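Numbered according to this note's numbering, the sequence shown spans residues 4 to 543. Glycine residues also receive a C-beta, built at the ideal position from the N, C-alpha and C atoms. Here the structure is a predicted model, which is why all the values come from computation and not from measurement. Take a look at the structure below.
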Amino acid sequence: MQAALVIDALTLGEGQRDFTRDFIGAGPRMVAATLRACNLEARICRGEDFLRSSKGLAEKYDTCFVSGMTMDKPSVIAIARAWKRASPGKPVIVGGPVALEPGSLLRVAEIDAVVQGEAERILFDAFASRGIAASFPGNPVPAGFITRATMDRDSSGQQANRWPDLPWVEQHVDPSIDLLGPAYGNAWAARVYVELLRGCSNQRFARLGPKGDYTCKDCGYCDVSGDFQVDIPNPCVVGTRPGCGFCSTAAGSGPIRSFSIPYITRQVKTCIDIGCHRIVLGGSDVLEYQRERLFKPGRTRPVMPPPPNHDALNVLVNQLLEFEAIKRGDVHVFAENIKASLCDDESLSILARLPGISVSIGVETGSDEQLEHIGKSASVASIKHAVELLNKHGIRYHAYFIHSLPGQTPRTVEESVCLMKWLEAAKAEKITIYRFKPLPGTAFEGFRVTGAMLDDAEPMVAEAMRINGAGKERHVNTMVKVLIAERDFRDKEAAIAYMLQGGPKVKLRDCRHLVNDKKVHVARITGVISDKMTQGVLVE
């Protein structure tokens with residue numbers, strides 16, 4: 004039987020995970036699961052683990068698949084080169100968001116092919132009947148793969164988007180949760196992602212172009228009703244890609260498509276069975292779950308109406324609460340994202356039934372004008388209304404901002420700082436602020452962040468740090484459930500624990516012997532070390 008190694012380089016960056024060691028995405032697992040469906044042996048390996056022992060692994064496996072994000076390109080290239088040094092004749096295939104830049108990847112001699120978008124159907128069609136040819140990619144190149152040869156024929160390197168029908172995925176691909184344990188030593192304590200859905204309902208367009216200038220022709224398409232047609236070629240007269248200008252989800256994964264409840268709950272059950280304690284319901288917005296069933300065929304809309312599919316959400320939550328470990332709080336459920344524009348009283352009352360659930364809400368900026376210009380479906384008023392509903396139902400949340408976005412001015416920075424202060428008063432657990440980095444496949448992919456923009460954004464960065472520092476102080480003298488997952492490499496007597504319900508890491512003195520004991524402990528927080536680390540002592 005042919006054997007494939009799927010290397011998870013997600014969040015590896017330039018070769019080291021500093022703050023994302025507890026992240027386990029679903030993408031590499033679904034690639035490995037698809038290869039299994041093709042009657043291939045498949046194993047997942049973290050990128051840093053492969054780089055430490057590349058020779059032995061490259062000799063043992065026949066083909067290398069690497070999954071990474073745009074930020075992970077240096078590690079993806081390092082992995083490909085390490086593989087080829089050990090096994091020059093064996094192919095390297097790259098996928099994930101990093102694949103939206105096929106030209107730059109294929110300039111690396113050690114990378115043989117790139118797969119853009121969702122890989123299940125592409126891999127299955129290529130390998131299910133024939134396996135992986137020794138001469139891969141060969142001639143003709145299998146459909147859906149981009150190689151140097153096909154780039155020569157198509158200088159754009161863009162393939163038609165292939166969004167596999169999710170019932171097809173469910174029928175052909177077992178999600179293979181059993182692969183987590185051997186691949187990730189910390190799976191029991193990490194945030195394990197289980198996909199609820201793919202795609203995004205926001206198919207409106209950014210008003211700004213790749214240079215940050217106003218390029219919209221004000222044709223009215225995005226304004227009339229917010230109701231967008233997704234079964235026709237790009238309707239934007241300027242040619243802007245759909246979705247928020249900084250995000251590739253809408254353009255790369257298309258409109259919302261939801262997995263079935265049995266497919267999701269089966270994965271959750273297996274996660275619990277193998278000892279996972281933290282499960283993230285992944286997708287662009289948990290409130291989009293099966294909302295596509297409420298649209299007319301070929302349409303999408305990122306604002307209400309229609310509201311979230313309350314019936315589907317209710318059934319999903321009921322099914323999750325059938326698991327005693329979730330009900331009693333030994334397994335914690337997170338919602339990856341929610342849109343402010345889709346928050347309503349009924350949907351949040353349903354989510355609130357999951358014990359201690361926390362959500363992330365994308366704010367980006369406190370300027371209504373900038374929100375419109377970057378293609379967001381929210382307004383400052385809708386963000387505040389969503390937060391008020393979250394607080395009403397006791398749902399913990401943290402908010403994301405992005406500084407140095409196109410359209411940033413001193414005024415938008417001031418408005419963002421004001422909204423941060425409002426969110427602090429409205430019980431935001433954390434303000435996460437990112438520096439804008441242009442992503443391939445987005446409206447802003449060619450934008451260049453200037454030093455002046457970074458200087459102008461400094462008040463946003465400083466305010467987020469102040470709020471987060473004050474937030475950590477609120478943890479002091481509280482009792483929290485923790486998972487003792489790592490050694491502290493700076494203190495040989497200490498261990499690092501993850502808060503079960505999310506939050507800063509906890510340094511525990513004299514607990515090194517408990518690392519990876521796979522138990523839920525209770526700790527009292529005694530102090531704050533940094534914006535990402537607290538100090539604590541075990542209570543039980």
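Close-in-space but distant-in-sequence residues of the same chain around residue i (CB under 6 Å, 5 per side omitted)
i      : result
Glu295 : Ile259
Leu169 : Arg260 and Phe262
Ile528 : His478, Val479, Thr481, Thr537 and Gly539
Glu418 : Gly369 and Ser370
Trp86  : Ala61, Cys67 and Val95
Met74  : Gly16
Thr218 : Gly212 and Val241
Neighbourhood of residue i by C-beta, 7 Å cutoff - its chain only, sequence neighbours within 5 removed
i      : result
Asn394 : Ala429 and Lys430
Gly472 : Asp534
Leu426 : Val390, Ala402 and Ile434
Asp65  : Gln5, Ala6, Ala7, Lys93 and Ile135
Val3   : For residue 3 there is no data in the structure shown, the boundaries of the chain being 4 and 543.
Gly248 : Ala209, Leu211, Ile377, Gly378, Pro409, Thr445, Ala446 and Phe447
Asp348 : Leu392
Leu60  : Leu8, Cys48 and Phe53
Val318 : Ile264
His175 : Ala40 and Phe127
Ala36  : Val176, Asp177, Pro178 and Ser179
Gln161 : At Gln161 the pLDDT is 45, less than 50, meaning the model places this residue with poor confidence and gives no usable figure here.
Ser158 : Below a pLDDT of 50, predicted positions are generally treated as unreliable, and Ser158, at 39, falls in that range; no measurement from the model is reported.
Gly474 : Glu432 and Lys433
His335 : His280, Arg281, Gly359, Leu503 and Gln504
Phe439 : Phe249, Ile405, His406, Ser407, Leu408 and Val452
In DSSP terms, what residue i is bridged to
i      : result
Phe127 : Per DSSP, none; premise fails for Phe127.
Asp11  : Arg49 and Ser70
Phe439 : None, per the DSSP bridge assignment.
Tyr217 : Leu211
Ala526 : Val483 and Leu541
Met463 : Beta-bridge pairing links Met463 to no other residue.
Val117 : Val97 and Ile149
Met536 : Lys508 and Ser533
Ala338 : Leu284 and Val362
Ile353 : Answer by DSSP bridge pairing: none, since Ile353 is not bridged.
Ile27  : Val195
Phe231 : Thr303
Ala6   : Glu44
Leu345 : Note: Leu345 sits in no beta bridge, so no partner.
Ile434 : Ala402
Leu200 : Ser261
Pro245 : Phe208
Glu489 : Ile499
Range covered by the alpha helix (DSSP H) that runs through residue i
i      : result
Ser107 : Pro105 to Leu109
Gln206 : Unbroken run through Gln206: none, as it is neither H nor E.
Glu418 : Pro413 to Ala428
Arg451 : Run containing Arg451: none; DSSP gives neither H nor E here.
Arg39  : Gly30 to Ala40
Thr252 : Thr252 to Ser256
His175 : Leu169 to His175
Ile329 : Glu327 to Lys330
Opening and closing residue of the beta strand (DSSP E) in which residue i lies
i      : result
Gly313 : It is worth fixing the name first, because residue 313 is His in this sequence and not Gly. From DSSP, His313 is part of no beta strand (DSSP E) but of the alpha helix (DSSP H) over His313 to Leu323.
Tyr501 : Ala497 to Met502
Gly184 : Segment Leu183 to Ala186 is the alpha helix (DSSP H) holding Gly184; no beta strand (DSSP E) there.
Val271 : Element bounds for Val271: not the beta strand (DSSP E) but the alpha helix (DSSP H), Ile264 to Asp276.
Integer Cβ distance of residue i from residue j, believed to fall under 8 Å
i      : j      : result
Val525 : Lys495 : Going by Cβ atoms, the distance from Val525 to Lys495 rounds to 24 Å, so no, they are not a contact pair.
Gly18  : Glu51  : 7 Å
Cys48  : Ile180 : Actually they do not touch by this definition, with Cβ atoms about 17 Å apart.
Glu476 : Val531 : 6 Å
Glu113 : Ala83  : 4 Å
Glu339 : Ser363 : 6 Å
Gly120 : Leu13  : Incorrect: roughly 16 Å between the Cβ atoms, too far for contact.
Met502 : Ala467 : Contact doesn't hold; Cβ gap of about 20 Å is too wide.
is_contact[residue i, chain D] using C-beta, thresh 7 Å
i      : result
Cys421 : This model lacks chain D altogether; it includes just one protein chain.
Contact set for residue i: own chain, Cβ-Cβ below 8 Å, skip 5 residues either direction
i      : result
Phe148 : Ile96, Ala116, Val117, Val118, Ile125, Ala129 and Pro140
heavy atom of the ligand GTP below 6 Å from residue i C-beta
i      : result
Gly106 : The ligand GTP is not part of the structure shown, which contains no ligands of any sort.
Exercise for the section: Pick out the complete alpha helix (DSSP H) segments inside the region 368 to 407, 4 residues or longer, and give them in chain order. Expected result: 371 to 376 and 383 to 395
Exercise for the section: Quick one: which unbroken alpha helix (DSSP H) runs of 4-plus residues sit fully inside the region 43 to 97? Chain order, please. Expected result: 50 to 55, 57 to 63 and 76 to 89
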